[in-house]
Amino acid sequence: QKEVEQDPGPLSVPEGAIVSLNCTYSNSAFQYFMWYRQYSRKGPELLMYTYSSGNKEDGRFTAQVDKSSKYISLFIRDSQPSDSATYLCAMTPYNTDKLIFGTGTRLQVFP
Amino acid sequence: ETGVTQSPTHLIKTRGQQVTLRCSSQSGHNTVSWYQQALGQGPQFIFQYYREEENGRGNFPPRFSGLQFPNYSSELNVNALELDDSALYLCASSFEQSSYNEQFFGPGTRLTVL
């Protein structure tokens, strides 16, 4: 079993939809939780990171962490065609910055 | 401020050959991490260099090795290439090696092993 599980999709939604992306994990030592966006033929780009359980909002993006359920989510409001990309969740244990990634979910937002 | 750069962009090698990939870290960053991303998968941690010393290694065989230079640029070397080594190799730089520092990724080098 992988340490981080993520549905690979693809997920196809109309412009303006609310998108929900999720990851589950098994290692309770994970302390930092990140969401990266990766466009085709590019390196991953950090969207958001959180440390504790709860919600964190940044513009149209909301990251949610539930440590008791070992479950994290990324919500994208008012999705745009430019949001079409692969979204990777990533985690690190305390006192290290070695990133453990999920498989990535491919998102397509159509006009 | 210059971002993370990697060279070459693409590379084609045959089984058994050796390859060297290069990474220039972002200005002011002293930590470089290398990741392998197979098609349709998330990146997997290979190893990290902090101030020219290897500082952590993932589940990769010894034929994957690296170097970090005094200017904090880095090389990834892979010997005895296998077909399964075909992947996108990503370099990420950060400032200091501690509990959390944002890692900035380069565009990657796509390696094809025939």
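Note that the protein sequences, when read in sequence, are chains F and S.
If you read the first sequence in this note's numbering, its first letter stands for residue 3, the second for the next number, and so on.
If you read the second sequence in this note's numbering, its first letter stands for residue 38, the second for the next number, and so on.
For glycine and all other residues, C-beta sits at the position ideal for the given N, C-alpha and C.
Note that this is a predicted model, so its numbers are computed, not measured.
Taking 8 Å as the limit between beta carbons, can you name the residues of its chain near F/PRO10, skipping five residues before and five after? Here the question's residue 10 of chain F lines up with position 8 in the first sequence. Same-chain partners within the cutoff: THR105, GLY106, THR107 and ARG108.
Should S/THR68 go down as buried or exposed, given a rule of 16 or more other Cβ atoms within 10 Å for buried? Position 31 of the second sequence holds residue 68 of chain S. If you draw a 10 Å sphere on the C-beta of S/THR68, you find 16 or more other C-beta atoms in it, and that means buried.
Run the CB neighbour count on S/ALA129, radius 10 Å, all protein chains shown included, and call it buried at 16 or more, exposed below. Along the second sequence, read from residue 1 onward, the residue named residue 129 of chain S stands at position 92. Burial call: buried.
Listed from N- to C-terminal order along the chain, which residues in the stretch 7 to 23 of chain F have their beta-carbon within a distance smaller than 8 Å of any beta-carbon of chain S? Taking 8 Å as the Cβ-Cβ cut-off against chain S, the residues of the stretch 7 to 23 of chain F that qualify are GLN8 and PRO10.
Mind checking which residues open and close the beta strand (DSSP E) that includes S/ILE49? Taking the second sequence and counting its residues from 1, one reaches residue 49 of chain S at position 12. Taken as a continuous stretch (DSSP letters only), the beta strand (DSSP E) holding S/ILE49 covers 47 to 50.
Using alpha carbons as the reference points, say which of F/ASP80, F/PHE63, F/PHE35 and F/CYS91 lies closest to F/VAL15. Taking the first sequence and counting its residues from 1, one reaches residue 15 of chain F at position 13. That would be F/ASP80, whose Cα lies nearest to the Cα of F/VAL15.
List the endpoints of the continuous beta strand (DSSP E) containing F/ILE78. Within the first sequence, residue 78 of chain F is the residue found at index 76, counting from 1. Element bounds for F/ILE78: 73 to 78.
Between the beta-carbon of F/GLN8 and the beta-carbon of F/LEU90, is there less than 9 Å? One-based indexing of the first sequence puts residue 8 of chain F at position 6. One-based indexing of the first sequence puts residue 90 of chain F at position 88. Yes; because the gap between Cβ atoms is below 9 Å, this pair is in contact.
Looking only at DSSP bridge pairs, what is F/PHE68 linked to? The residue you call residue 68 of chain F lines up with position 66 of the first sequence. Checking the sequence, you will find Asp at residue 68 of chain F rather than Phe. For F/ASP68, which the question treats as bridged, DSSP gives the partners F/TYR73.
Quick one: Cα of S/GLY103 to Cα of S/THR57, how far? Along the second sequence, one-based indexing puts residue 103 of chain S at 66. Along the second sequence, one-based indexing puts residue 57 of chain S at 20. Approximately 9 Å between the Cα atoms of the pair.
Quick check on F/THR98 - is its C-beta less than 9 Å from some C-beta in chain S? The residue you call residue 98 of chain F lines up with position 96 of the first sequence. At least one chain S Cβ lies under 9 Å of F/THR98.
Can you pull the chain S neighbours of F/LYS44, defined as C-beta to C-beta under 7 Å? To locate residue 44 of chain F, count along the first sequence from 1; it is residue 42. Ordered by position in chain S, the residues that pass the 7 Å Cβ test against F/LYS44 are PRO144.
Which one of F/TYR38, F/SER84, F/TYR73 and F/PHE77 has the shortest CA to CA distance from F/ASN29? By 1-based counting over the first sequence, the position of residue 29 of chain F is 27. Of the candidates F/TYR38, F/SER84, F/TYR73 and F/PHE77, the one whose C-alpha sits nearest the C-alpha of F/ASN29 is F/TYR73.
What residues match up with F/ALA87 in a beta bridge as DSSP calls it? Within the first sequence, residue 87 of chain F is the residue found at index 85, counting from 1. According to DSSP, which records beta bridges pairwise, F/ALA87 is partnered with F/LEU109.
Counting only beta-carbon separations shorter than 9 Å, does F/TYR51 have a partner in chain S? Counted from its first residue, the first sequence places residue 51 of chain F at position 49. Closer than 9 Å: yes.
Coil, strand or helix - F/LEU13 by DSSP: Counted from its first residue, the first sequence places residue 13 of chain F at position 11. In the structure shown, F/LEU13 sits in a strand (DSSP, three-state: E or B).
9 Å is my cut-off, CB to CB: does F/LEU109 come that close to chain S? What you label residue 109 of chain F is simply residue 107 of the first sequence in a count that begins at 1. Not one chain S Cβ lies under 9 Å of F/LEU109.
List, in chain order, every chain S residue whose beta-carbon is nearer than 9 Å to that of F/PHE103. As a working note, residue 103 of chain F is residue 101 in the first sequence. Those within 9 Å of F/PHE103 in chain S are TYR72, GLN74, GLN78, GLY79, PRO80, GLN81 and PHE82.
Closer than 7 Å at the beta carbon, the chain S residues around F/LEU76: Position 74 of the first sequence holds residue 76 of chain F. The contacting residues do not exist; F/LEU76 stays about 14 Å from chain S at best.
Look at the alpha carbon of F/ARG43 and the alpha carbon of S/PRO144, and state the distance between them as a whole number of angstroms. Translated into the one-based positions of the first sequence, residue 43 of chain F becomes position 41. Translated into the one-based positions of the second sequence, residue 144 of chain S becomes position 107. F/ARG43 and S/PRO144 have their C-alpha atoms some 7 Å from each other.
Opposite S/TYR126 in the DSSP bridges: which residues? Your numbering for residue 126 of chain S matches position 89 in the second sequence. Note: S/TYR126 sits in a beta bridge opposite S/GLN73 and S/THR146.
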